[in-house]
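Asker: This is the structure I have questions about; it appears just below.
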Amino acid sequence: MAVKKSAKSKEFEKKIFTDSNFLVKRIYQKSSKKKPIEDAGTYPYTRGIHPGMFRERFWTMRQYSGFGDAKLTNERFKFMLEKGQTGLSMAFDLPTQIGYDSDSPQAEGEVGKVGVSITSVKDMMTAFDGIPLGKVSTSMTINSTASTLLAYYIVVGESQGFKSYELRGTTQNDILKEYIARNTYIYPPQPSMRLIGDMIEYCAEKVPSWYPVSISGYHMREAGCTATQEIAFTLANAIAYIQTCLDKGLKIDDFAPRLSFFFCCTIEFFEEVAKFRVARKVYAKILKEMFYAKNPRSIQLKFHTQTSGESLTAQQPNNNIVRVTIQTMAAVMGGTQSLHTNSRDEALALPTQESAKIALRTQQIVANECGITKTADPMAGSYYLEELCDQMEDEVWKYLKKIQKMGGSVKAIEKGFFQSEIRQNAYRLKKETDANERIIVGVNKYSEKEEQPELLRIGGRIEIQQKKALKKLRDSRDKKKWAKALSAMKSAAETEKNLMPYIVTSVRSFATTGEISNTLREVFGEYRPKEVF
Numbered sequence: 015m016a017v018k019k020s021a022k023s024k025e026f027e028k029k030i031f032t033d034s035n036f037l038v039k040r041i042y043q044k045s046s047k048k049k050p051i052e053d054a055g056t057y058p059y060t061r062g063i064h065p066g067m068f069r070e071r072f073w074t075m076r077q078y079s080g081f082g083d084a085k086l087t088n089e090r091f092k093f094m095l096e097k098g099q100t101g102l103s104m105a106f107d108l109p110t111q112i113g114y115d116s117d118s119p120q121a122e123g124e125v126g127k128v129g130v131s132i133t134s135v136k137d138m139m140t141a142f143d144g145i146p147l148g149k150v151s152t153s154m155t156i157n158s159t160a161s162t163l164l165a166y167y168i169v170v171g172e173s174q175g176f177k178s179y180e181l182r183g184t185t186q187n188d189i190l191k192e193y194i195a196r197n198t199y200i201y202p203p204q205p206s207m208r209l210i211g212d213m214i215e216y217c218a219e220k221v222p223s224w225y226p227v228s229i230s231g232y233h234m235r236e237a238g239c240t241a242t243q244e245i246a247f248t249l250a251n252a253i254a255y256i257q258t259c260l261d262k263g264l265k266i267d268d269f270a271p272r273l274s275f276f277f278c279c280t281i282e283f284f285e286e287v288a289k290f291r292v293a294r295k296v297y298a299k300i301l302k303e304m305f306y307a308k309n310p311r312s313i314q315l316k317f318h319t320q321t322s323g324e325s326l327t328a329q330q331p332n333n334n335i336v337r338v339t340i341q342t343m344a345a346v347m348g349g350t351q352s353l354h355t356n357s358r359d360e361a362l363a364l365p366t367q368e369s370a371k372i373a374l375r376t377q378q379i380v381a382n383e384c385g386i387t388k389t390a391d392p393m394a395g396s397y398y399l400e401e402l403c404d405q406m407e408d409e410v411w412k413y414l415k416k417i418q419k420m421g422g423s424v425k426a427i428e429k430g431f432f433q434s435e436i437r438q439n440a441y442r443l444k445k446e447t448d449a450n451e452r453i454i455v456g457v458n459k460y461s462e463k464e465e466q467p468e469l470l471r472i473g474g475r476i477e478i479q480q481k482k483a484l485k486k487l488r489d490s491r492d493k494k495k496w497a498k499a500l501s502a503m504k505s506a507a508e509t510e511k512n513l514m515p516y517i518v519t520s521v522r523s524f525a526t527t528g529e530i531s532n533t534l535r536e537v538f539g540e541y542r543p544k545e546v547f
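So the mapping is simple: our numbering equals the position in the sequence shown, first residue as 1, plus 14.
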């Protein structure tokens, strides 16, 4: 006679999955698989790229800031530096991101709304007034117009007395993920890849302490992909960028040490820690075994992390402080090199000054008070974590091989592969939330009525001011010098010359963001995506 199972034993048989759909066992035992003993700071860097990790130095606390005009952004930068922030991170408005000036019809209603409006080098000078660029590291979240914004930064540095080789920072400059998930592209893929290759080549010679590209999984993750897909798609894009540089005649160890990455950190704690460890390991193998890099710094995956904006809720926004804290700890345990912690009110508006300070304090408390920085790779040896790492690594390699068979990232994007994979998973997550299978506290459980907190709002005054400043700039600049610079840049774009010197010269002539972008539009055209179903 069959023995009837108890309710307790049935509960043990319940199938539970991670966000990436890995089955979670009730309990984990020591694996029978013998693994090599690894140390932090040694190949393949699973346990971290430095031997001591945060015992030696904390990660860079780089809070994402920028709104309204350059003056307002300068004030926020100075406030955050005063509160202990250790690096700057600059957000730009949509017109700046897609190459339109503030007085363009396409910019109407968007000036200064989701970031700072930067229409010329004069705006950039105001944004960094009183902030010595040779003594601070700045990250700029900019892609299609990254070459122009880097040129602004170089010229501002010169005006402060700093040579380009003294500048430190990062331009995101990852156009492939724009075609996949974010959509702030301007030009078609090939000329966009050329611009990125030109920037990498130029920085290797002229701005050697700059990271010219930050290959980003963040936006794909926010659009709905899994942790596994985030690693696989990001590394596939990295392969495409590396090949672009090799095709230009660059040697792998001349530029690979200045490649960087940008990942999301969601609230599935153990899976996120595993993700960062696996990303380091797989990247190290790619650089060593596919591209034959010899310099250890070429092989190390260096990454910035941002906590997940998509995970934050407009309902009960103070709950977001807890969410961000958990994500912060996962990023630190995963070994990030720099970190932005989102503010509690970001599901509603740009963060207020007080919310931004709380987000920074979250990092400082994790760094100084909780003890997880006292040892490198504190999660190593967790049976659950190690098995997650093994499963995730296997799936990442499967994706990479599949993308390679398609002809690489650009071909996979053109076929809609990445987009389709992300949409399918986003739909799965939404269905689970709607069915209350995935609990979001304050949204589909424990909800309550509440008053809306005080929000930061950007009015139309900024747009009017920016239009007036643009008119004044155009009236006062040397028109012959300006026209000559843009004409030379256009001619260079029609050849295979490196465009960065011509863009820098155009910036010095006070050409605007829109004028530089429109000149390149005349040569490269604009990208129009095909409908993919």
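C-beta: ideal position from N, C-alpha, C; glycine also. Fair warning: this is a prediction, and the values are worked out from it, not measured in the lab.
1. Below 7 Å CB to CB, which residues in the same chain sit around residue 17 once its five sequence neighbours on both sides are set aside?
2. Which residues mark the beginning and the end of the beta strand (DSSP E) in which residue 77 is found?
3. Does DSSP classify residue 111 as helix, strand or coil?
4. With H, G and I counted as helix, E and B as strand and the rest as coil, what does DSSP make of residue 337?
5. So, under 8 Å CB-CB, residue 105 and residue 155 are touching, yes? Tell me the CB distance rounded to an integer number of Å.
6. From residue 409 to residue 31, what does the alpha carbon distance come to, in whole angstroms?
7. Roughly how far, in whole angstroms, is the beta-carbon of residue 376 from the beta-carbon of residue 345, given that I think they are within contact range, below 8 Å?
8. Less than 8 Å between the C-beta atoms of residue 402 and residue 284, yes or no?
9. How do the region 272-279 and the region 287-298 stand: do at least 3 beta-carbon pairs fall below 8 Å, yes or no?
10. Spell out a yes or no on whether the region 165-183 and the region 195-210 are touching, meaning 3 or more CB-CB pairs, one atom from each, closer than 8 Å.
11. If you follow the beta strand (DSSP E) that residue 317 is part of, which residue opens it and which one closes it?
12. Ordered along the chain, which non-local residues of its own chain (more than five positions away) have a Cβ less than 8 Å from that of residue 537?
13. Taking the continuous alpha helix (DSSP H) assigned at residue 234, which residues delimit it?
14. Based on the DSSP secondary-structure assignment, which residues constitute the bridge partners of residue 101?
15. Between residue 103 and residue 153, is the Cβ-Cβ spacing less than 8 Å?
16. In the DSSP output, which residue or residues are listed as bridge partners for residue 151?
17. Which of helix, strand or coil does DSSP assign to residue 384?
18. For the putative contact between residue 400 and residue 45, defined by C-beta atoms under 8 Å, what is the C-beta separation to the nearest angstrom?
19. Could you pull out every unbroken beta strand (DSSP E) segment of at least 3 residues lying fully inside the region 251-285, listed in chain order?
20. In angstroms with no decimal places, state the Cα-to-Cα distance between residue 15 and residue 39.
21. Work out the CA separation of residue 188 and residue 491 for me, nearest whole Å.
22. So, at 7 Å on beta carbons, what are the nonlocal neighbours of residue 49 in its own chain, with the 5 sequence-adjacent residues on each side left out?
23. How is residue 82 classed by DSSP in three states: helix, strand or coil?
24. In chain order, what are the residue ranges of uninterrupted alpha helix (DSSP H) at least 4 long that sit wholly in the region 413-460?
25. For residue 93, I'd like the list of residues in its chain whose CB is within less than 7 Å of its CB, leaving aside the five on either flank, ordered along the chain.
26. With a threshold of 16 other CB atoms inside 10 Å of the CB of residue 294, please say whether the residue is buried or exposed.
Answerer: The structure says:
1. Within the sequence shown, numbered from 1, the residue matching residue 17 stands at position 3. Model confidence at residue 17 stands at a pLDDT of 47, short of 50, so the residue's coordinates are unreliable; what they give is reported in the following sentence. Counting only Cβ-Cβ distances below 7 Å, and skipping sequence neighbours, we find nothing.
2. Here the question's residue 77 lines up with position 63 in the sequence shown. Residues 74-79.
3. Counting from one through the sequence shown, the residue named residue 111 turns up at place 97. Shown here, residue 111 sits in a helix according to DSSP, grouped into three states.
4. Here residue 337 refers to the residue found at position 323 of the sequence shown. In the structure shown, residue 337 sits in a helix (DSSP, three-state: H, G or I).
5. Position 91 of the sequence shown, counted from the start, is the residue given in the question as residue 105. Position 141 of the sequence shown, counted from the start, is the residue given in the question as residue 155. Yes, they are in contact, since the Cβ atoms of residue 105 and residue 155 sit about 6 Å apart, within 8 Å.
6. As a first step, residue 409 is located in the sequence shown; it is residue number 395 there, counting from the start. As a first step, residue 31 is located in the sequence shown; it is residue number 17 there, counting from the start. Rounded to whole angstroms, the separation of the alpha carbons of residue 31 and residue 409 is 15 Å.
7. Here the question's residue 376 lines up with position 362 in the sequence shown. Here the question's residue 345 lines up with position 331 in the sequence shown. Between residue 376 and residue 345 a beta carbon distance of about 11 Å is seen, past the 8 Å cut, so the two are scored as non-contacting.
8. The count along the sequence shown starts at 1 and reaches residue 402 at position 388. The count along the sequence shown starts at 1 and reaches residue 284 at position 270. In this structure, residue 402 places its C-beta atom within 8 Å of the C-beta atom of residue 284.
9. Judged by Cβ distances under 8 Å, the region 272-279 makes contact with the region 287-298, as three or more pairs qualify.
10. Segments in contact, no.
11. The count along the sequence shown starts at 1 and reaches residue 317 at position 303. Looking at the DSSP string, the run of the beta strand (DSSP E) that includes residue 317 is 317-321.
12. The residue labelled residue 537 in the question sits at position 523 within the sequence shown. Closer than 8 Å at Cβ, skipping near neighbours: 205, 504, 507 and 508.
13. The count along the sequence shown starts at 1 and reaches residue 234 at position 220. For residue 234, the enclosing alpha helix (DSSP H) starts and ends at 232-237.
14. Translated into the one-based positions of the sequence shown, residue 101 becomes position 87. BP columns for residue 101 point to 76.
15. Taking the first residue of the sequence shown as 1, we reach residue 103 at position 89. Taking the first residue of the sequence shown as 1, we reach residue 153 at position 139. Yes, these two residues count as a Cβ contact at 8 Å.
16. On the sequence shown, residue 151 is found 137 positions in, with the first residue counted as 1. Note: residue 151 sits in a beta bridge opposite 182.
17. Numbered from 1 along the sequence shown, position 370 holds the residue referred to as residue 384. Correct three-state label for residue 384: coil.
18. Along the sequence shown, one-based indexing puts residue 400 at 386. Along the sequence shown, one-based indexing puts residue 45 at 31. Their Cβ separation, rounded to whole angstroms, is 7 Å, which keeps residue 400 and residue 45 in contact under 8 Å.
19. Listed in chain order, the complete beta strand (DSSP E) runs (minimum 3 residues) inside the region 251-285 are 273-279.
20. In the sequence shown, residue 15 corresponds to position 1, counting from 1. In the sequence shown, residue 39 corresponds to position 25, counting from 1. Annotation note: pLDDT 46 at residue 15 (below 50); position unreliable, no value reported.
21. Here residue 491 corresponds to residue number 477 of the sequence shown, with the count starting at 1. Here residue 188 corresponds to residue number 174 of the sequence shown, with the count starting at 1. The alpha-carbon separation between residue 491 and residue 188 amounts to approximately 32 Å.
22. Start at 1 with the first residue of the sequence shown, and residue 49 comes out as number 35. Counting only Cβ-Cβ distances below 7 Å, and skipping sequence neighbours, we find nothing.
23. One-based indexing of the sequence shown puts residue 82 at position 68. Note: residue 82 maps to strand in three-state DSSP.
24. Whole alpha helix (DSSP H) segments, 4+ residues: 423-428 and 431-448.
25. Numbered from 1 along the sequence shown, position 79 holds the residue referred to as residue 93. Sequence-distant Cβ neighbours of residue 93 in its own chain, meaning closer than 7 Å and more than five residues away, are 367.
26. Against the sequence shown, residue 294 aligns to sequence position 280. Counting the other CB atoms within 10 Å of its CB gives residue 294 a total of 16 or more, which places it among the buried residues.
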